[in-house]
Ligand code: NAD
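In the numbering used here, the protein residues as written are 9 to 504.
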């Protein structure tokens, strides 16, 4: 069995660990390789490589760093199908979706190529007589990135292009469930001319994460994953004085007003509910239908679901398998809960016919109606192809439901009433809002992140927030002596 190694100092690195974890092809259920699980010592080796590479990289000119990012952009774009194949093989998402993930990651690389402009400081001449004040932004040092399974390329790409452009060195710990894309990205960075040691990948589980969180030479943590782990990472990382941004889970609602275009709503609900088998943090999980539209809308959604093809992502399918057998069984378990809680199962994804190996981790698209908000089906982040419908009588009732959720990642309103949409934008307590757009992932020059239990820390991913996160601002006050200097004065400096 092939063993996937870490990537340290520009080369594969086995480290000392004898622990490994299986990596599956979710469409066949086969174990395709084993991935090493780093020990604390292995993490220390990666951090040492990054620390050694940091001084030269952080003092290289902006132009030099930009050249590497421009080259990386071209290489990743040219080789996107190779990377997409890795994503489909280990994650299961269909090829078109994998290519979409890479395209969204490339947006961040493109944004990062503008870093010399984005990180410019300010200058005030004569803030006081003969005194100038200016600011610069400098890199943090070695930064840690810990990413989830559902976007093995895009989530690391949310962070490292900006971190690198700013002059930081990186230690990335990708999900152990689909770890190969991270190593491929490391190889492409090397091809683009990134000096060895500036970007390192350590594979692992809790032991590796804890070693990163506790390491004194790591300046910041960018984490994306489930809410309990995000909270843990935030608390443990900040306890050791690190700058931490920890993006957590989600339960995204789509509010449908009676005046909405129900065909657009049905298309959007199906796309956002079942794309990537519902394993997206911006997936729509709950359709909140303001009556009297629910019956008509459910019929339209079910009609579209009947045409969805589930199967091996390398074939022409709409939706692939779930990430592991355990996860598939956990998601299917929610359908048993739904039955107990009196939910109406409109479309049942269990036992679906698939275009793929019978041993794959399959669960078909599922539609649930009249889901009580007390049910775990409504409360929990299911992270699978399960779309729930909750019926409400008014806009206010729908809004209260959304604002009552512990999560606040994404939401959408569908309506033809501009006033209602404007009111929703103002009143909803969610970090990313779509108006007649079901998956409102901001473009690369805005920032991505939720509110409440969907983000711990005050800084979102990519965009302007990332420029701030991966740099430290320094303010300088300078005076050059001239004949008018005033001699000794022990008073507190005042501007004059
Ligand atoms: P996860 O929380 O299980 O894992 C995320 C990372 O944490 C992985 O690298 C994993 O190895 C590590 N980890 C797992 N258990 C740990 C533990 N006990 N201690 C320390 N580290 C641990 O998440 P996942 O299942 O890989 O990804 C799916 C989750 O990520 C969903 O909840 C989804 O909503 C969330 N997500 C959020 C966003 C966002 O932007 N808010 C984006 C993508 C995914």
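Every residue, glycine too, gets a C-beta built ideally from N, C-alpha and C.
In the same chain as residue 135, and ignoring 5 residues on each side of it, the C-beta atoms closer than 7 Å to its own belong to 141 and 503, in chain order. In this structure, residue 129 has its CB at a distance of at least 7 Å from all heavy atoms of ligand 1. Straight-line spacing of the CA atoms in residue 112 and residue 90 works out to 16 Å.
Across the structure, residue 254 and residue 226 are spaced so that their CA atoms are roughly 15 Å apart.
The shortest CA-to-CA distance from residue 358 to any of 364, 365, 350 and 344 is the one to 344. In the DSSP assignment, residue 59 falls within the unbroken alpha helix (DSSP H) covering 48-67. For residue 108, the closest of 244, 66, 338 and 449 by C-alpha to C-alpha distance is 449. In the structure shown, residue 438 falls within a coil segment according to DSSP collapsed to helix, strand and coil. By the neighbour-count criterion, in which a residue is buried when 16 or more other Cβ atoms sit within 10 angstroms of its Cβ, residue 125 is exposed. For residue 418, DSSP records a beta bridge to 440. Just measuring C-alpha positions, the residue of 53, 222 and 235 sitting nearest residue 289 is 235. Taking 4 residues as the minimum length, the alpha helix (DSSP H) runs contained wholly in the segment 229-292 are 235-247 and 270-282, in order along the chain. The continuous stretches of beta strand (DSSP E) do not include residue 338, which lies in the alpha helix (DSSP H) extending over residues 333-348. Where residue 377 is concerned, the enclosing beta strand (DSSP E) starts and stops at 374-377.
In the structure shown, residue 470 falls within a coil segment according to DSSP collapsed to helix, strand and coil.
For residue 391 against residue 286, the beta-carbon gap comes to about 7 Å, under 8 Å, which counts as contact. Annotated three-state conformation of residue 131 is strand, per DSSP.
Nearest C-alpha to residue 50 among 14, 31 and 260: 14. For the pair residue 446 and residue 420, the CB atoms are nearer than the 8 Å cut-off.
In this structure, DSSP gives residue 125 a helical state, which the three-state scheme calls helix.
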